[in-house]
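Numbering (the working numbering), first residue to last: 3 to 314.
Rendered as structure tokens:
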């Protein structure tokens with residue numbers, strides 16, 4: 003439940019820092035959380051800034067041992083926050099903001115432990131044989147973020163099916179992550195990472211990987227992309243069941259963020275090889291349009307009409 007109490011000046015400064023990090027490094031996310039009331043927006047920025055720190059360790063130039071050491075140090079910081087040992091006089095603004103947010107909202111901080119576990123999977127260079135294997139990774143790095151966010155959003159009292167809200171938030175996170183994986187195929191390949199399941203790659207003749215602006219010789223790359231797009235659409239449709247359980251502004255925030263990614267998915271579906279030529283993105287005016295549709299509830303109604311039972 004939101005607290006009406008204004009945070010003290012050092013905490014406000016910490017939130018300002020986290021909002022600056024969010025605006026600079028997560029434009030899609032920042033568009034969505036603009037629709038939230040101040041306290042929820044601040045809390046979401048704190049969650050993002052902590053998550054960004056974890057991701058940056060995994061993506062940084064340190065060797066694997068150094069990355070593991072820094073990730074475990076970050077996990078210990080999370081433990082200190084959980085134990086109430088981080089106060090407003092702490093020198094780490096992200097920790098200060100997250101500690102305050104966790105005191106104001108029922109945020110399941112264990113989700114950030116899951117995120118660290120997922121980044122450790124990247125550090126180990128894990129690959130995924132099947133979709134079920136990849137889902138475990140996606141649940142750590144994205145489903146957990148959905149569940150953490152739900153702690154900030156809360157649910158409407160008496161909302162139908164609310165006992166499944168965390169499941170739907172998790173599924174929506176999977177949808178966003180699979181979209182990210184499709185968008186970043188070439189970039190990930192350049193860093194030696196392959197996320198799409200080996201079974202799927204083999205089925206469409208893409209096991210050789212993606213190291214140029216052209217698909218592997220003889221590959222049905224468009225078939226692979228369309229297959230994964232259908233999977234992502236089914237996840238979006240299932241995850242959108244969360245929206246009626248949220249208040250209007252929280253639902254608008256989720257619909258805006260998810261709507262941006264669904265439009266990315268539309269672009270990828272229309273031109274699969276675009277993801278091999280560079281990063282697919284939306285212009286700012288289209289993101290703003292999606293945010294307005296989210297606030298009006300139009301995107302959510304569109305998805306539920308097309309997929310009334312969460313099918314692709």
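Every residue, glycine too, gets a C-beta built ideally from N, C-alpha and C. Bear in mind that the values here come from a model prediction, so they are computed numbers and not experimental data.
{"Item": "Start-to-end residues for the alpha helix (DSSP H) that takes in residue 275", "Value": "Counting along the chain, residue 275 falls outside any alpha helix (DSSP H), and DSSP gives it neither H nor E."}
{"Item": "Anticipated Cβ contact below 8 Å, residue 270 with residue 292, distance rounded", "Value": "Rounded, the Cβ-Cβ distance is 16 Å, inconsistent with contact."}
{"Item": "Inter-residue Cα distance where the pair is residue 276 and residue 108", "Value": "41 Å"}
{"Item": "Residue 309 in three-state terms, based on DSSP", "Value": "Residue confidence is low: residue 309 scores 47 on pLDDT, short of 50, so the model does not pin down where it sits. No coordinate-derived value is stated."}
{"Item": "Residues near residue 170 in its chain [Cβ-Cβ closer than 6 Å; skip 5 each side]", "Value": "241, 243, 244"}
{"Item": "Sequence ranges, alpha helix (DSSP H) only - wholly within the segment 97–166, length at least 4", "Value": "112–125, 133–140, 146–155"}
{"Item": "Reference residue 215, options 201, 196, 236, 191, closest by Cα", "Value": "191"}
{"Item": "Check whether residue 199 and residue 136 have beta carbons under 9 Å apart", "Value": "yes"}
{"Item": "Cβ neighbour criterion (16 or more within 10 Å) applied to residue 66", "Value": "exposed"}
{"Item": "Distance between residue 228 and residue 288 (C-alpha atoms, nearest Å)", "Value": "23 Å"}
{"Item": "From 258, 177, 273, residue whose alpha carbon lies closest to that of residue 33", "Value": "258"}
{"Item": "Nearest residue (CA-CA) to residue 154, options 104, 81, 143", "Value": "104"}
{"Item": "Contact belief for residue 72 with residue 111 at Cβ below 8 Å, rounded distance in angstroms", "Value": "About 19 Å separates the two Cβ atoms, so there is no contact after all."}
{"Item": "Bounding residues of the alpha helix (DSSP H) (the contiguous stretch that carries residue 44)", "Value": "40–61"}
{"Item": "Local conformation of residue 202 per DSSP, three classes", "Value": "helix"}
{"Item": "Helix, strand or coil at residue 193 according to DSSP, with G and I counted as helix", "Value": "coil"}
{"Item": "Exposed unless 16 or more other CB atoms sit within 10 angstroms - verdict on residue 185", "Value": "buried"}
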